[in-house]
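K.L.:
There's a structure below that I have some questions on.
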Amino acid sequence: MICRSPWTKFYDFKQKVRMLELAERLLPILRSGENVAAVSVTRVLRSAPHGVGTTMAVTQNGAIVGSISGGCVESDASMLGISVLHDGVARCARFGFDDAAGHAAGLACGGTVDVIAYAINEDHIALLGRAVEGQPVSLGIVTSGPERGKVLPNPELYAPNAVTLRKNILLPSGYAADAAEPGDLLVLSRSPRPRLIILGAGEHGAALCRLATAAGYAVTICDPWALLVTASRFPDADRLVVAFPDEYLSSLRDADVDARTAVCVLTHDERLDIPALRIALGMPVGFVGAMGARSTVARRARLLTAEGVSEADLGRLHSPLGLDLGGSSPEETALSILAEITAVRHGGTGLPLKSAPGPMHRFAAAVAVTLEAPAPRC
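So the sequence shown is numbered by this note's numbering: it starts at 284 and just counts up by one.
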């Protein structure tokens, strides 16, 4: 019987989770009967390549899946996981940069990470299977106390207010939450991939589809020209829609989009652009952008105003679309567009890291949520 400890704090570090992203690679291993140990980051101090929730795994055969530091501490972390596979006992460790340590594992960037190594086995196949299917899932890992290393498939059952936390913070963002106090719970969650809706099936749309898919987006291509909207032109797209862009956007419900959804208008035709943008700017999406020269942007703004689009909604429009990278090919243009979407989504500056202020591996500020948990009971 698992003791339900009074976990009291969760922190949303808004750093993409890796544990559940490894599900597709771990499932065949677990289904073959081989056990796996996972090593998850539970705390980051100063600069580090990845944030809380980042996870790697080690198999019984010694294979390493994933990474927690980009190479700095993987060897020692894998040994930690192998020890768990040998005796089933969860372990915690700290890795940091230490000149006195000499040959010891450490982070070259000068940061420190705390990790926990714990067992993953056939009991978790169903949960990982749901993650692979794209369903919203979460799991909790007890980070200290007598139940350290326990994996809870439904952490909301063990902390009464975690349901609200998971619904409002974890699943919408796809990020990790960490509780670093004794007896706390590390909650890992995964929601469906963020969406990118590309309106326009030209060469820029094809290039953007390829890059966005590689970056983890579920891409929809929409264009009224059936000859352009084909699987051969867009083999990476999740959905191909032959329709006028405004009609397709009008068919979407609020449940189909969220703050992680981006809409890019690449149609180069005012007859399509204006109706589509009028609808997109009124949707609860996180990014709306449109290609066009500055003269086109100015004319488009006047037409949208005449269509009744408010000044506030016009302020949401990213146009001209993309960051100034100096490229001109469809692929280079797509890169600049995806770079702007990424910067907006994660609150980046878009500046070169060389000239950007602050730590290079900066993560969003933590949001602490205090839970009024009941007294411990088993």
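Glycine included, each C-beta is placed from N, C-alpha and C at the ideal position.
From which residue to which residue does the alpha helix (DSSP H) around Tyr500 run?
P.N.:
As a first step, residue 500 must be located in the sequence shown, where it is residue number 217. Neither: Tyr500 is in no alpha helix (DSSP H) and is coded neither H nor E.
K.L.:
What are the residues that DSSP puts in a beta bridge with His551?
P.N.:
For the purposes of this step, residue 551 is taken as residue 268 along the sequence shown, with counting starting at 1. His551 pairs with nothing; no bridge assigned.
K.L.:
May I ask you to report which of helix, strand or coil DSSP gives Arg536?
P.N.:
For the purposes of this step, residue 536 is taken as the residue at position 253 of the sequence shown. Of the three classes helix, strand and coil, the one that applies to Arg536 here is coil, per DSSP.
K.L.:
Where do the ends of the beta strand (DSSP E) carrying Ala617 lie?
P.N.:
For this step, residue 617 is matched to residue 334 along the sequence shown. Unbroken run through Ala617 is the alpha helix (DSSP H), 613-629; no beta strand (DSSP E).
K.L.:
Distance check for Ala320 and Glu405, CA to CA, integer angstroms please.
P.N.:
Start at 1 with the first residue of the sequence shown, and residue 405 comes out as number 122. Start at 1 with the first residue of the sequence shown, and residue 320 comes out as number 37. Taking the straight line joining both Cα atoms gives about 12 Å.
K.L.:
If you run the structure through DSSP and keep just helix, strand and coil, what is Ile351?
P.N.:
Working through the sequence shown from its first residue, we reach residue 351 at position 68. Ile351: coil per DSSP, three-state reduction.
K.L.:
If I follow the unbroken beta strand (DSSP E) through Thr579, where does it start and stop?
P.N.:
Here residue 579 is taken as the residue at index 296 of the sequence shown, counted from 1. Where Thr579 is concerned, there is no enclosing beta strand (DSSP E), although the alpha helix (DSSP H) it sits in stretches over 577-589.
K.L.:
Looking only at its chain, what residues have a beta carbon closer than 8 Å to the beta carbon of Arg628, apart from the 5 residues adjacent to it on each side?
P.N.:
Mapped onto the sequence shown, residue 628 falls at position 345. Cβ neighbours of Arg628 beyond the five flanking positions: Pro477, Arg543, Ala545, Gly569, Phe570.
K.L.:
Tell me the DSSP bridge mates of Tyr401?
P.N.:
One-based indexing of the sequence shown puts residue 401 at position 118. The partner list for Tyr401 (beta bridge, DSSP) reads Ala321.
K.L.:
Going along the chain, which residues of its own chain have a beta-carbon closer than 8 Å to the beta-carbon of Leu313, five neighbours each way excluded?
P.N.:
Residue 313 sits at position 30 when you count from the first residue of the sequence shown. If we look at Leu313 and ignore the five residues flanking it on each side, its Cβ neighbours are Val319, Ile403, Asn404, Glu405, His407, Ile408, Leu411.
K.L.:
Taking the straight line between their C-alpha atoms, what separation do you get for Ala514 and Thr625?
P.N.:
Position 231 of the sequence shown, counted from the first residue, corresponds to residue 514. Position 342 of the sequence shown, counted from the first residue, corresponds to residue 625. Cα to Cα, Ala514 sits roughly 26 Å from Thr625.
K.L.:
In terms of residue numbering, what span does the alpha helix (DSSP H) encompassing Leu511 cover?
P.N.:
Position 228 of the sequence shown holds residue 511. Looking at the DSSP string, Leu511 is not in any alpha helix (DSSP H), and its letter there is neither H nor E.
K.L.:
Can you give me the C-alpha to C-alpha distance between Leu549 and Pro419, rounded to a whole angstrom?
P.N.:
On the sequence shown, residue 549 is found 266 positions in, with the first residue counted as 1. On the sequence shown, residue 419 is found 136 positions in, with the first residue counted as 1. Spanning the two alpha carbons is a distance of roughly 31 Å.
K.L.:
When the Cα of Gly432 is compared with those of Gly417, Tyr401, Ala559, Leu618, which residue comes out closest?
P.N.:
To locate residue 432, count along the sequence shown from 1; it is residue 149. Looking at the Cα atoms, Tyr401 is the closest of the given residues.
K.L.:
With 16 as the cutoff for other CB atoms within 10 Å, does Gly610 come out buried or exposed?
P.N.:
Looking up residue 610 in the sequence shown gives position 327. Its Cβ having fewer than 16 others within 10 Å, Gly610 is exposed.
K.L.:
If you run the structure through DSSP and keep just helix, strand and coil, what is Val367?
P.N.:
Looking up residue 367 in the sequence shown gives position 84. Helix, per DSSP.
K.L.:
Can you find the residues in the same chain that come closer than 7 Å, C-beta to C-beta, to Cys492, ignoring five residues on each side of it along the sequence?
P.N.:
Numbered from 1 along the sequence shown, position 209 holds the residue referred to as residue 492. Cβ neighbours of Cys492 beyond the five flanking positions: Ile481, Val502, Ile504, Phe517, Asp519, Ala520.
K.L.:
Assuming Ala573 and Leu560 form a contact by the criterion Cβ under 8 Å, report the distance between their Cβ atoms to the nearest whole angstrom.
P.N.:
As a first step, residue 573 must be located in the sequence shown, where it is residue number 290. As a first step, residue 560 must be located in the sequence shown, where it is residue number 277. Rounded, the Cβ-Cβ distance is 6 Å, consistent with contact.
K.L.:
Leaving aside the five residues before and after Asp382 along the sequence, list all residues of the same chain whose C-beta is less than 6 Å from its C-beta, in chain order.
P.N.:
Here residue 382 corresponds to residue number 99 of the sequence shown, with the count starting at 1. The pLDDT assigned to Asp382 is 39, lower than 50, so where the model puts this residue is not dependable; a value taken from the coordinates is nonetheless given after this. Excluding residues within five positions, none has a Cβ falling inside 6 Å.
K.L.:
What is the DSSP secondary structure of Val568, counted as helix, strand or coil?
P.N.:
Position 285 of the sequence shown, counted from the first residue, corresponds to residue 568. Val568: coil per DSSP, three-state reduction.
K.L.:
May I have the straight-line CA-CA distance separating Gly631 from Glu623, to the nearest angstrom?
P.N.:
Taking the first residue of the sequence shown as position 1, residue 631 is located at position 348. Taking the first residue of the sequence shown as position 1, residue 623 is located at position 340. If I take the Cα positions, the gap works out to 9 Å.
K.L.:
How many angstroms separate the CA atom of Gly349 from the CA atom of Ile557?
P.N.:
On the sequence shown, position 66 is the one that residue 349 refers to. On the sequence shown, position 274 is the one that residue 557 refers to. For Gly349 and Ile557, the distance between alpha carbons rounds to 44 Å.
K.L.:
Can you name, in chain order, every residue of its own chain whose Cβ lies under 7 Å from the Cβ of Ala384, other than the five neighbours on each side?
P.N.:
Position 101 of the sequence shown holds residue 384. Residue placement at Ala384 is poorly supported in this model, since its pLDDT is 41, which falls under 50; the coordinates still yield a value, given next. Hits under 7 Å: none found.
K.L.:
In chain order, what residues of the same chain have a beta carbon less than 6 Å from the beta carbon of Ala306, not counting five sequence neighbours either side?
P.N.:
To locate residue 306, count along the sequence shown from 1; it is residue 23. Within the same chain, Ala306 has close Cβ partners Leu411, Ala414, Val415.
K.L.:
Under 8 Å, do Ser602 and Gly575 count as touching if we go by C-beta distance?
P.N.:
As a first step, residue 602 must be located in the sequence shown, where it is residue number 319. As a first step, residue 575 must be located in the sequence shown, where it is residue number 292. Cβ distance < 8 Å, so Ser602 and Gly575 count as in contact.
K.L.:
Can you check which of these residues, Ile351, Glu615, Ala584, Val425, is closest to Ala495 by C-alpha distance?
P.N.:
Residue numbering aside, residue 495 sits at position 212 when the sequence shown is read from its first letter. Answer by Cα proximity: Glu615.
K.L.:
Quick one: give me the first and last residue of the beta strand (DSSP E) that Thr340 is part of.
P.N.:
In the sequence shown, counting from the first residue as 1, residue 340 sits at position 57. The displayed chain sequence assigns Ala, not Thr, to residue 340. Element bounds for Ala340: 338-342.
K.L.:
Given this structure, state the Cα-to-Cα distance separating Gly488 from Gln343, to the nearest angstrom.
P.N.:
For this step, residue 488 is matched to residue 205 along the sequence shown. For this step, residue 343 is matched to residue 60 along the sequence shown. Rounded to the nearest angstrom, the two C-alpha atoms are 44 Å apart.
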